[in-house]
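S.K.:
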Amino acid sequence: MPPITDNGNLKDVINNYIQKNKVMVFSKTTCPFCTKVKDLLKSMNVQYEVLELDKADNGSELQNTLQQLSGQRTVPNVYINSKHLGGCDDTMKAHKEGRLSEMLNSQYDYDMIVIGGGSGGLAASKEAANLGKRVAVFDYVQPSPIGTTWGLGGTCVNVGCIPKKLMHQAALLGHGLEDSKKFGWEVPEKVNHNWDSMKNAIQDHIGSLNWGYRVQLREKKVEYHNAYAKFVDNHTVKAVNRKGTEITKTAETFVLAMGERPRYPDIPGAKEYGITSDDLFSLPYCPGKTLCVGASYVSLECGGFLQGIGLDVTIMVRSILLRGFDQQMAEKIGDYMKTHGVKFVRPCVPTKIEKLEDGTPGKYRVTGKFTDTGKEYSEIYNTIIFAIGRDPCTSTIGLDKIGLKLNKSGFVPVNEQEQTNVPNVYAIGDICEDKPELTPVAIQAGRLLAKRLYSDSKDLCDYVNVATTVFTPIEYGAIGYSEEDAIAKFGEENIEVYHTNFWPLEWTVAHREENVCYAKLVCLLPEKERVVGFHVIGPNAGEMTQGYAVAMKRGATKADFDITIGIHPTCSETFTTMEVTKRGGGDIDQAGC
Ligand code: FAD
Ligand code: NDP
22 MPPITDNGNL KDVINNYIQK NKVMVFSKTT CPFCTKVKDL LKSMNVQYEV
72 LELDKADNGS ELQNTLQQLS GQRTVPNVYI NSKHLGGCDD TMKAHKEGRL
122 SEMLNSQYDY DMIVIGGGSG GLAASKEAAN LGKRVAVFDY VQPSPIGTTW
172 GLGGTCVNVG CIPKKLMHQA ALLGHGLEDS KKFGWEVPEK VNHNWDSMKN
222 AIQDHIGSLN WGYRVQLREK KVEYHNAYAK FVDNHTVKAV NRKGTEITKT
272 AETFVLAMGE RPRYPDIPGA KEYGITSDDL FSLPYCPGKT LCVGASYVSL
322 ECGGFLQGIG LDVTIMVRSI LLRGFDQQMA EKIGDYMKTH GVKFVRPCVP
372 TKIEKLEDGT PGKYRVTGKF TDTGKEYSEI YNTIIFAIGR DPCTSTIGLD
422 KIGLKLNKSG FVPVNEQEQT NVPNVYAIGD ICEDKPELTP VAIQAGRLLA
472 KRLYSDSKDL CDYVNVATTV FTPIEYGAIG YSEEDAIAKF GEENIEVYHT
522 NFWPLEWTVA HREENVCYAK LVCLLPEKER VVGFHVIGPN AGEMTQGYAV
572 AMKRGATKAD FDITIGIHPT CSETFTTMEV TKRGGGDIDQ AGC
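Start counting at 1 in the sequence shown, then tack on 21, and there's your number in our numbering.
(1) Assess, as a yes-or-no matter, whether the stretch 304 to 317 is touched by the stretch 437 to 454 under the definition of 3 or more beta carbon pairs within less than 8 Å.
(2) Is it buried or exposed for T490, if we count other Cβ within 10 angstroms and need 16 for buried?
(3) Run the CB neighbour count on D160, radius 10 Å, all protein chains shown included, and call it buried at 16 or more, exposed below.
(4) What residue does the alpha helix (DSSP H) around Y569 start on, and which one ends it?
(5) Is it the case that the CB of F492 approaches a heavy atom of the ligand FAD more closely than 7 Å?
(6) Starting from the Cα of G137, find the closest Cα among G467, G587, Y385 and L425 and give me that residue.
(7) Give the straight-line distance between the Cα atoms of E70 and Q465, rounded to the nearest whole angstrom.
(8) Just checking my contact of P457 with E281 at CB under 8 Å: how many whole Å lie between their CB atoms?
(9) Is Y398 near the ligand NDP, in the sense that its beta carbon is under 7 Å from a heavy atom of that ligand?
(10) For the alpha helix (DSSP H) that contains S340, what are its first and last residues?
(11) Using the Cα positions of L74 and R94, report the straight-line distance between them to the nearest angstrom.
(12) Do the stretch 326 to 345 and the stretch 247 to 255 make contact, defined as three or more Cβ pairs closer than 8 Å?
(13) Report back the beta-carbon spacing between L542 and N515 to the nearest angstrom; my notes put them in contact at under 8 Å.
(14) Is the beta carbon of G576 less than 8 Å from the beta carbon of G498?
(15) Would V571 be called buried (16 or more neighbouring beta carbons within 10 Å of its own) or exposed?
(16) Can you determine whether any heavy atom of the ligand ADP sits closer than 7 Å to the C-beta of V387, and answer yes or no?
(17) Which class does I296 belong to by DSSP, given the choice of helix, strand or coil?
(18) Is it true that the CB of H226 sits closer than 8 Å to the CB of C195?
(19) How would you label P184, buried or exposed, when you count the other beta carbons within 10 angstroms and need 16 or more for buried?
(20) Flag this pair as yes or no: are the beta carbons of V34 and V46 separated by less than 8 Å?
(21) Alpha carbon to alpha carbon, how far is S503 from A509? Give it in angstroms, no decimals.
(22) Is the stretch 291 to 299 close to the stretch 165 to 183, with three or more CB pairs under 8 Å?
(23) Taking C-alpha atoms, which residue in G228, K76, G92 and K41 lies nearest to T51?
(24) Take E594 as the anchor and find which of K549, N522 and L173 has the nearest alpha-carbon.
(25) Among G501, F204 and L87, which residue has its Cα nearest to the Cα of V96?
(26) DSSP state of F54, grouped into three classes?
(27) Just reading off the alpha helix (DSSP H) that K114 is part of, what are its end residues?
(28) Does the ligand FAD have a heavy atom nearer than 7 Å to the CB of A540?
(29) So is L420 buried or exposed if we call it buried at 16+ other beta carbons inside 10 Å?
(30) Is S317 near the ligand NDP - that is, is its Cβ less than 7 Å away from at least one heavy atom of it?
(31) Are G142 and V276 touching if we call contact CB-CB under 8 Å?
(32) Is the stretch 390 to 407 close to the stretch 363 to 373, with three or more CB pairs under 8 Å?
(33) Would you call E244 buried or exposed, if buried means 16 or more other Cβ atoms sit within 10 Å of its Cβ?
(34) Which residues mark the beginning and the end of the alpha helix (DSSP H) in which R411 is found?
(35) If you check the beta carbons only, do I39 and Y100 fall under 8 Å apart?
(36) Just reading off the beta strand (DSSP E) that F432 is part of, what are its end residues?
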């Protein structure tokens, strides 16, 4: 047999044998103890792989390496499920005590395999490893139609919250530059924004986060496989990496955390010429005149920051803005964006995209149809971003092989323990049916699941009253019921809505518009005006909203807000002084401090 090498790294060669084979015997053909072990395994009908060291030209080097890895020089040297069992005596003893069968029958490669290394998957795997479990994470990014890929960390870090918030910040800084002139800064009349500088700085930061996650996994001894995993049976996955190399691994418990990917409309030219948020944040050129299709979080946020850095932006809205959110707030956001230069085409859907010119960016004609009048829409854009929703990544990972039930949109129904209909398979994050699709939700669900599985914790993830913020040019923070949902649920007579406009102090000297910022509390009259809906649009709404989420978790009433003394001068103090109700009427414009 020629020397067995892997670019000279014999440790990798040995580890490869150990990891790829459930039962691995390093042996010599002339050794009677080796024969004894092999005979035992045969008599137990156990499939094993054997490497006869005396048949390899570099057998003695391999034996030295094996000694370094296992601390044992002699053969046979037996591994089961990647764990070192020992030599002939150890194997015979384990057999006599019944431990060998136990290892062969009931032991898996890992206690837990997590599929998906995003917000939820990383949280679950690290927590399980903290609790002493053997854990592996499989994470693999399939390229977008135009070929964009990214590193470990999932949507939030690479193509979601992080680059989005940083680009939102770039836009806010531009607005701040304008304000700064009023505060005495002698900024040149014309200030340009450079897409490449922003994009590169943000991508560098993301690169450091990707690296940080890899280090964390290594430190916690979570095995990271950059490979796409599919189920073979409900304890086994087969995974393929970029080079096409396959590995098969088993685990007692599985956590599904595969997240979602953007949807494309079924119209000519969509995938050839359109992009999505998966491509935008690392786009190697400035997108230019842009059409954002869709009217939810992703579309409004991306359209908002692109306009904020100086681009010509249009948002194509099929029906309403921000479905599921308080519609008064949604329209106020739309009005603000319109005033600040974003164009809205509504109600309209695209019907085809045609390329007019190549380039970075190119030129494309977008044809659409107004859904009310049936009239045709036509306009030329440099970039078309589809933000029309996201599909769960559940259709190509062999869930049918294990009988795992999905709903008709492909989401995974789970019980309050995040358990699927297959008892040893759990699901967390964006792929779950009817759960908020937010990073902190995925993290909390993953952490608490691992604690429940591997410690005496009984804590369930509480999906009620999860605060959220839409990072549009004027931010919108929300907790609990929209006004319309509260009325539908509790009846109009049982709801009192307190509201007010406000004018941030920072905006006064800057001469920004008055009374576009707005705060609203939706209260339940029969329960001492318990606050069931919190809504605010204004600067830093995300920072404002988080603290009130704690109050609402504790069942805060309007009286609790009233007896709280505000912090002056802030926007948030508005919530401690609200007196005007919608029912009672009255002036809601801010009168001054
Ligand atoms: P993901 O983070 O999506 O991770 C899933 C991982 O699994 C991915 O890396 C995927 O490639 C991998 N994978 C899939 N299938 C396989 C397989 N078979 N084998 C191996 N690996 C696989 N949330 C907020 O809270 N705040 C925000 O501001 C915010 N902004 C957002 C902005 C945008 C543009 C988008 C798109 C989303 C935003 N979100 C935001 C939502 C947030 O990103 C998600 O809720 C969160 O990332 C979900 O985490 P997850 O663990 O469920 O999945
Ligand atoms: P959503 O599913 O929330 O919204 C999809 C939007 O696209 C809707 O406005 C919908 O209109 C429209 N639409 C759907 N199909 C078409 C079509 N064929 N043609 C034109 N328009 C269409 O998706 P998003 O991608 O915006 O967000 C996904 C999730 O990601 C969110 O629910 C959120 O949880 C998370 N996220 C969170 C953020 C944050 O926390 N700040 C930011 C971004 C995302 P219609 O109303 O008519 O159906």
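A virtual CB, placed ideally from N, CA and C, is assigned to each residue, including glycine.
Bear in mind that the values here come from a model prediction, so they are computed numbers and not experimental data.
M.R.: Put simply:
(1) no
(2) Position 469 of the sequence shown holds residue 490. Classification of T490: buried, given that the 10 Å Cβ count is 16 or more.
(3) Here residue 160 is taken as the residue at index 139 of the sequence shown, counted from 1. Buried: at least 16 other Cβ atoms inside 10 Å.
(4) For the purposes of this step, residue 569 is identified with residue 548 of the sequence shown, where counting begins at 1. Looking at the DSSP string, the run of the alpha helix (DSSP H) that includes Y569 is A562 to K574.
(5) Position 471 of the sequence shown, counted from the start, is the residue given in the question as residue 492. Yes.
(6) In the sequence shown, residue 137 corresponds to position 116, counting from 1. The residue with the shortest Cα to Cα distance from G137 is G467.
(7) Position 49 of the sequence shown holds residue 70. Position 444 of the sequence shown holds residue 465. Going from the Cα of E70 to the Cα of Q465 covers about 42 Å.
(8) Walking along the sequence shown from the start, residue 457 turns up at place 436. Walking along the sequence shown from the start, residue 281 turns up at place 260. So it is not a contact: roughly 13 Å between Cβ atoms.
(9) On the sequence shown, residue 398 is found 377 positions in, with the first residue counted as 1. Not so, every heavy atom of the ligand NDP lies at least 7 Å from the Cβ.
(10) On the sequence shown, position 319 is the one that residue 340 refers to. Counting along the chain, S340 falls outside any alpha helix (DSSP H), and DSSP gives it neither H nor E.
(11) For the purposes of this step, residue 74 is taken as the residue at position 53 of the sequence shown. For the purposes of this step, residue 94 is taken as the residue at position 73 of the sequence shown. Rounded to whole angstroms, L74 to R94 spans 12 Å at the Cα level.
(12) no
(13) Within the sequence shown, numbered from 1, the residue matching residue 542 stands at position 521. Within the sequence shown, numbered from 1, the residue matching residue 515 stands at position 494. Contact flag wrong, Cβ pair sits at about 15 Å.
(14) As a first step, residue 576 must be located in the sequence shown, where it is residue number 555. As a first step, residue 498 must be located in the sequence shown, where it is residue number 477. Contact: no.
(15) In the sequence shown, residue 571 corresponds to position 550, counting from 1. Result: exposed.
(16) As presented, the structure is devoid of the ligand ADP, carrying the ligand FAD and the ligand NDP as its sole ligands.
(17) Within the sequence shown, residue 296 is the residue found at index 275, counting from 1. Strand, per DSSP.
(18) On the sequence shown, residue 195 is found 174 positions in, with the first residue counted as 1. On the sequence shown, residue 226 is found 205 positions in, with the first residue counted as 1. The question names Cys, but residue 195 in the sequence shown is Gly. No.
(19) The residue you call residue 184 lines up with position 163 of the sequence shown. P184 is buried by the Cβ-count criterion.
(20) On the sequence shown, residue 34 is found 13 positions in, with the first residue counted as 1. On the sequence shown, residue 46 is found 25 positions in, with the first residue counted as 1. Taking 8 Å as the Cβ cut-off, V34 and V46 do not qualify as a contacting pair.
(21) Position 488 of the sequence shown, counting from 1, holds the residue named residue 509. Position 482 of the sequence shown, counting from 1, holds the residue named residue 503. So the two alpha carbons sit approximately 10 Å from each other.
(22) yes
(23) As a working note, residue 51 is residue 30 in the sequence shown. T51 has its Cα closest to that of K76, out of G228, K76, G92 and K41.
(24) As a first step, residue 594 must be located in the sequence shown, where it is residue number 573. Minimum Cα distance to E594 is reached at N522.
(25) Taking the sequence shown and counting its residues from 1, one reaches residue 96 at position 75. Nearest C-alpha to V96: L87.
(26) Stepping through the sequence shown from its first residue, residue 54 is reached at position 33. DSSP places F54 in helix when its eight states are reduced to three.
(27) Here residue 114 refers to the residue found at position 93 when the sequence shown is read from its first residue. Counting along the chain, the alpha helix (DSSP H) containing K114 begins and ends at C109 to K117.
(28) Along the sequence shown, read from residue 1 onward, the residue named residue 540 stands at position 519. Outside the cutoff, so no.
(29) On the sequence shown, position 399 is the one that residue 420 refers to. L420 comes out buried.
(30) Translated into the one-based positions of the sequence shown, residue 317 becomes position 296. The answer is yes for S317.
(31) The residue given as residue 142 occupies position 121 in the sequence shown. The residue given as residue 276 occupies position 255 in the sequence shown. Cβ atoms of G142 and V276: closer than 8 Å.
(32) yes
(33) Residue numbering aside, residue 244 sits at position 223 when the sequence shown is read from its first letter. Buried, since its Cβ has 16 or more Cβ neighbours within 10 Å.
(34) On the sequence shown, position 390 is the one that residue 411 refers to. Premise fails: R411 lies in the beta strand (DSSP E), R411 to P413, not in any alpha helix (DSSP H).
(35) As a working note, residue 39 is residue 18 in the sequence shown. As a working note, residue 100 is residue 79 in the sequence shown. Taking 8 Å as the Cβ cut-off, I39 and Y100 qualify as a contacting pair.
(36) If you number the sequence shown from 1, residue 432 lands on position 411. Unbroken run through F432: none, as it is neither H nor E.
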